[in-house]
Amino acid sequence: GAVVSQHPSRVICKSGTSVKIECRSLDFQATTMFWYRQFPKQSLMLMATSNEGSKATYEQGVEKDKFLINHASLTLSTLTVTSAHPEDSSFYICSAGRGETQYFGPGTRLLVL
Amino acid sequence: DAKTTQPTSMDCAEGRAANLPCNHSTISGNEYVYWYRQIHSQGPQYIIHGLKNNETNEMASLIITEDRKSSTLILPHATLRDTAVYYCIVSATNAGKSTFGDGTTLTVKP
Numbered sequence: 053g054a055v056v057s058q059h060p061s062r063v064i065c066k067s068g069t070s071v072k073i074e075c076r077s078l079d080f081q082a083t084t085m086f087w088y089r090q091f092p093k094q095s096l097m098l099m100a101t102s103n104e105g106s107k108a109t110y111e112q113g114v115e116k117d118k119f120l121i122n123h124a125s126l127t128l129s130t131l132t133v134t135s136a137h138p139e140d141s142s143f144y145i146c147s148a149g150r151g152e153t154q155y156f157g158p159g160t161r162l163l164v165l
Numbered sequence: 134d135a136k137t138t139q140p141t142s143m144d145c146a147e148g149r150a151a152n153l154p155c156n157h158s159t160i161s162g163n164e165y166v167y168w169y170r171q172i173h174s175q176g177p178q179y180i181i182h183g184l185k186n187n188e189t190n191e192m193a194s195l196i197i198t199e200d201r202k203s204s205t206l207i208l209p210h211a212t213l214r215d216t217a218v219y220y221c222i223v224s225a226t227n228a229g230k231s232t233f234g235d236g237t238t239l240t241v242k243p
């Protein structure tokens, strides 16, 4: 199957700092990628749709100024959590579509102290 | 995207077939049935998908009822490594984004 990577796999940061998470499609190009968030013992929640060369589309309740998304190329999307707070601690997962199927990255665990 | 309903949890003996049901009574004609699984602290892994016909690959089989209102994922010989949360999702092709329900926690026991 198609491979999607994320970097870093885990990150710890201080409250108030910004954190950037990268999502790459390694063996295919993706005009659209998706960002999800998963809190402990909960399911994945879609945060936003990342579109190559244009603005991201955010789901209701997701602050676009806090979660900055950049999709500068067909293989890379980045999610920046700005001014992170402890409540932003979560598991962030990206996905990219290839053909009829979405392939997911391994996830990034963010802990904000 | 149509909503799906899955049992919260299921157990299966190692080496036996695991049959995971999913109801999707409001599925639209252009929506596929997708199955993913998520092993603890990892991203979801694609298993299989189908539109109308039954499908089989190296991981599993997917049985879709004729009216497409429900489906069953079959893991023919479950192993301990198949213990995971299994998600059934319906989505139109190329729509991309997926709406995840709570899934079924499958526990394979020795």
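Chains as they are written, first to last, in our numbering: chain A, 53 to 165; chain B, 134 to 243.
The beta-carbon is built from N, C-alpha and C at its ideal position, and this holds for glycine as well.
Checklist entry - If we cut at 8 Å on Cβ distances, does residue 165(B) have a partner in chain A? => result Residue 165(B) counts as touching chain A.
Checklist entry - For residue 198(A), which three-state DSSP category applies? => result Past the boundaries of the shown model lies residue 198(A); chain A is included only from 53 to 165, so the question cannot be answered.
Next on the checklist: For the stretch 136-146 of chain B against the stretch 154-162 of chain A, do three or more pairs of beta-carbon atoms, one drawn from each stretch, fall closer than 8 Å, so that the two count as touching?
Outcome noted: These segments do not touch.
Checklist entry - From which residue to which residue does the beta strand (DSSP E) around residue 225(B) run? => result Going by DSSP, residue 225(B) is part of the beta strand (DSSP E) stretching over 217-225.
Item to check | Contact set for residue 118(A): own chain, Cβ-Cβ below 6 Å, skip 5 residues either direction | outcome: Close CB contacts of residue 118(A) within its chain, under the 6 Å cut and outside five residues either way in sequence, are with 134 (chain order).
Next on the checklist: Give me, in chain order, the residues of the same chain whose beta-carbon lies closer than 8 Å to that of residue 55(A); leave out the 5 immediate sequence neighbours on both sides.
Outcome noted: Closer than 8 Å at Cβ, skipping near neighbours: 77, 78, 79, 155.
Checklist entry - Any beta-carbon of chain B closer than 8 Å to the one on residue 110(A)? => result Not one chain B Cβ lies under 8 Å of residue 110(A).
Next on the checklist: Taking DSSP's pairing of strands, which residues face residue 183(B) in a bridge?
Outcome noted: Paired residues: 166(B).
Checklist entry - Can you find at least 3 beta carbon pairs, one from the stretch 213-223 of chain B and one from the stretch 164-172 of chain B, that sit closer than 8 Å? => result Taking 8 Å as the limit for Cβ pairs, the verdict is that the stretch 164-172 of chain B does touch the stretch 213-223 of chain B.
Checklist entry - Residues of chain A with CB under 7 Å from residue 231(B), in chain order? => result Contact note: residue 231(B) reaches chain A through 154, using a C-beta cutoff of 7 Å and chain order.
Item to check | Same chain only: Cβ atoms within 6 Å of residue 130(A), ignoring 5 sequence neighbours per side | outcome: Result list for residue 130(A): 72, 74, 122, in chain order.
Checklist entry - Should residue 162(B) be flagged as near chain A, meaning a C-beta pair shorter than 8 Å? => result So, not an interface residue.
Item to check | residue 89(A) burial status per 10 Å Cβ neighbour count (16 or more: buried) | outcome: Buried, by the Cβ-count rule.
Item to check | Contact set for residue 143(B): own chain, Cβ-Cβ below 8 Å, skip 5 residues either direction | outcome: Its chain contains 151, 153, 237, 238, 239, 240 as the residues whose beta carbon lies nearer than 8 Å to that of residue 143(B), once the 5 sequence neighbours on both sides are disregarded; these appear in chain order.
Checklist entry - Roughly how many angstroms lie between the CA atoms of residue 150(A) and residue 164(A), to the nearest whole one? => result Take the alpha-carbon of residue 150(A) and the one of residue 164(A): they are about 33 Å apart.
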